[in-house]
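Just so we're aligned, residue 43 is where the sequence shown starts under the numbering used here, counting upward by one.
Right, one structure below, let's go through it.
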Amino acid sequence: MVDKALKDMTFEDFCRAVFNTKDTFHKPEVMKGIRVISTTQYILGPCVAAYLAELGAEAIKVELPKRGEPMRHTTPFNEPFLYPLSRWLPDKGTGLGFFGANPNELFLSLDFHKPEAIQIMKRLAAKTDVCCENYRAGTFDRWGIGYRQYQESNPRLIYQWLGGFGGWGPGRNRASYDILGQAQGGCFSVTGWPKEYGGMPSKQTIWIMDYWGGAISTFNIIASLYWRDNVSGKGQFLEYSQVHGAQRHLTDFIALYGKTGIVGQRWGNWEPLLCVHGILKCGKSSYPNSKNPQEQEVGFCFVSAFKDEDFKKLCGVVGNAELAKKYPTHADRVGAVAQTEIYPALEKWAADKTKEEVEKAFTGAGLVTQPVLNSNEVANQEHWHLRGSMQWIDDPTFGDVLTQGVAYRLSETPGRIKHVFKPVGADNEYVLAKLCGYGGSEIAELEKNEII
Ligand SMILES: CC(C)(COP(=O)(O)OP(=O)(O)OC[C@H]1O[C@@H](n2cnc3c(N)ncnc32)[C@H](O)[C@@H]1OP(=O)(O)O)[C@@H](O)C(=O)NCCC(=O)NCCS
């Protein structure tokens, strides 16, 4: 039953009340009681455990002793005074690539080349709901800690493996990264400028295929938990292929090729299926006196006006009645030749304006528009700070840290960020004592023998 006071509120007040960020830590967590062992590296695998941990699962990240997983030491800004790597290597730090993919977790270190570490992993897996790993196909089976080995002691285990090309087929042993997935999956072939505009394929700088793959795998895991706990009582083995995940996004390009044999082309900041629906260059910088060279550059602004009435309004704003007359319907506008006339005409109008001036003019006409923001601008928007989507947290290890909040909302069981991550092996004593029953001297022995 919805509370009477909530019922009488406007929708805005209702949302503000049920998602009140000040209440988050007083509410229960939806995944509490679910344990996840994350033997993951880079982004694709780690963010699976991160998403579950944001919702309250107990996620234990297991890494190579001392140095941890590669993402910690392959990316820059790894200054020890910012984010220390581990207590064994006080002069080393964790690189920024690790950020965002490992919040709320416990950190255990184990060397899988040592038989004692394998025994510890088996003991942990026996008490675990979910295991997640993204090493090469078969690496964990070779080490004796794959799905089939764990099954003997824990038939309820859900095991998510993420790889490049999947576990069978000629490509199964190939290495993969986000960028390889996007290249193999065809994404780059339709991103970037066409040859006529001096362009080449362009990659997406954010690791979108990794984070998307992680989200889909989390979805798989939650579905499997439902099936285990409500239907079958059984765990299962889950596979996610990074390349398949990337090619899944080609949607209309595959449909076009399948029916007509036409190979989709790159179309820069314009849109092959909709016009106008693209990014305009605005000729004036918003920060001409900035010390940051990128901010001194001209700005960019997205505008959408593919509906006929919106296009008419857009032409009104830019004072180009000719354009409105020449391209009255979407079918007239969407072709390549039309677009190569329309966008330059719009940019001619924007040539003496900042992105904010362009936005103001378009918003005034009721169009959907948005300047392209940089990370400084994104980090300082009041709207997102009010909603806790962008927040300064008091991290128990690192102090004040600016970080994103959880991207989805659950009114009764909200997700939350408790800490951004910890150094390698920070929870060795806690995890080994709590889950494996080791005492202090046994843990010291494991450390001395470089097992942890
Ligand atoms: C990322 C990737 C290319 C790395 O490949 P790789 O390092 O050659 O091979 P693996 O991932 O199987 O890692 C095995 C090695 O990890 C090291 N290792 C990592 N953690 C370890 C641990 N806790 N204990 C012992 N060894 C460990 C070992 O050197 C081991 O090799 P070895 O047994 O021959 O000594 C590969 O794992 C991959 O393609 N993964 C799937 C796609 C993916 O997730 N990519 C990353 C996200 S973009």
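For each residue, glycine too, the CB sits at the ideal point set by N, CA and C.
- Around the Cβ of Ala-217, a 10 Å sphere holds fewer than 16 other Cβ atoms; the residue is exposed.
- With a 10 Å radius around the Cβ and a threshold of 16 neighbouring Cβ atoms, Met-113 comes out buried.
- Under the three-state reduction of DSSP output, Gln-289 falls in the helix class.
- Between Gly-325 and Ala-407, the alpha-carbon positions lie close to 21 Å from each other.
- By the Cβ test, the stretch 62 to 78 is not in contact with the stretch 238 to 250, since fewer than three Cβ pairs between them sit closer than 8 Å.
- Counting every other CB atom within 10 Å of its CB across the protein chains shown gives Ser-417 a total below 16, marking it as exposed.
- For Asn-120, the number of other beta carbons within 10 angstroms of its own is at least 16, and it is reported as buried.
- Between the alpha carbons of Pro-132 and Pro-107 lies a gap of roughly 14 Å.
- Minimum Cα-Cα distance from Trp-312 among the listed residues Phe-463, Thr-117 and Ala-380 corresponds to Ala-380.
- With 16 or more other Cβ atoms from the protein chains shown falling within 10 Å of its own Cβ, Arg-77 counts as buried.
- His-115 sits in a helix when the DSSP states are folded into three classes.
- Around the beta carbon of Asp-352, 16 or more other beta carbons lie within 10 angstroms, which makes this residue buried.
- Between the stretch 123 to 130 and the stretch 465 to 473 there are three or more C-beta pairs closer than 8 Å, enough to call the two in contact.
- Note on geometry: alpha-carbon atoms of Tyr-329 and Glu-399 lie some 13 Å from one another.
- Segment contact: the stretch 156 to 172 against the stretch 472 to 479, three or more CB-CB distances shorter than 8 Å; contact assigned.
- No heavy atom of ligand 1 is found nearer than 8 Å to the CB of Arg-114.
- Per the coordinates, the alpha-carbon of Gly-75 lies some 14 Å from the alpha-carbon of Thr-455.
- Secondary structure of Met-163 (DSSP, three-state): helix.
- Annotation for Arg-458: Thr-66 place their beta carbon closer than 6 Å to its own, counting only its chain and skipping 5 residues before and after.
- At least one heavy atom of ligand 1 lies less than 8 Å from the C-beta of Tyr-219.
- About 5 Å separates the Cβ atoms of Ile-494 and Ser-151, confirming a contact at the 8 Å cut-off.
- For the pair Ala-179 and Asn-144, the CB atoms are not nearer than the 9 Å cut-off.
- In the three-state reduction of the DSSP assignment, Thr-81 falls in the strand class.
- Residue environment: Val-273 is assigned as exposed (fewer than 16 neighbouring CB atoms within 10 Å of its CB, all protein chains considered).
- Distance from the CA atom of Arg-429 to the CA atom of Arg-451, rounded to whole angstroms, is 10 Å.
- For Gly-255, the secondary structure class from DSSP, reduced to helix, strand or coil, is helix.
- Distances from the CB of Glu-105 to the heavy atoms of ligand 1 include at least one below 8 Å.
- Here Val-360 is buried. Its C-beta has 16 or more other C-beta atoms within 10 Å.
- Bounds of any alpha helix (DSSP H) do not take in His-319; it lies within the beta strand (DSSP E) bounded by 319 to 324.
- Annotation: Phe-140 to Ile-85 spans about 8 Å, alpha carbon to alpha carbon.
- For Ala-101, the pairing in a beta bridge is given by DSSP as Val-78.
- Nearest to Gln-284 by alpha-carbon distance, out of Gln-307, Gly-234, Ala-225 and Glu-339, is Ala-225.
- In the three-state reduction of the DSSP assignment, Cys-89 falls in the helix class, which pools H, G and I.
- As computed with DSSP, Gly-441 is found in a beta bridge with Asp-437.
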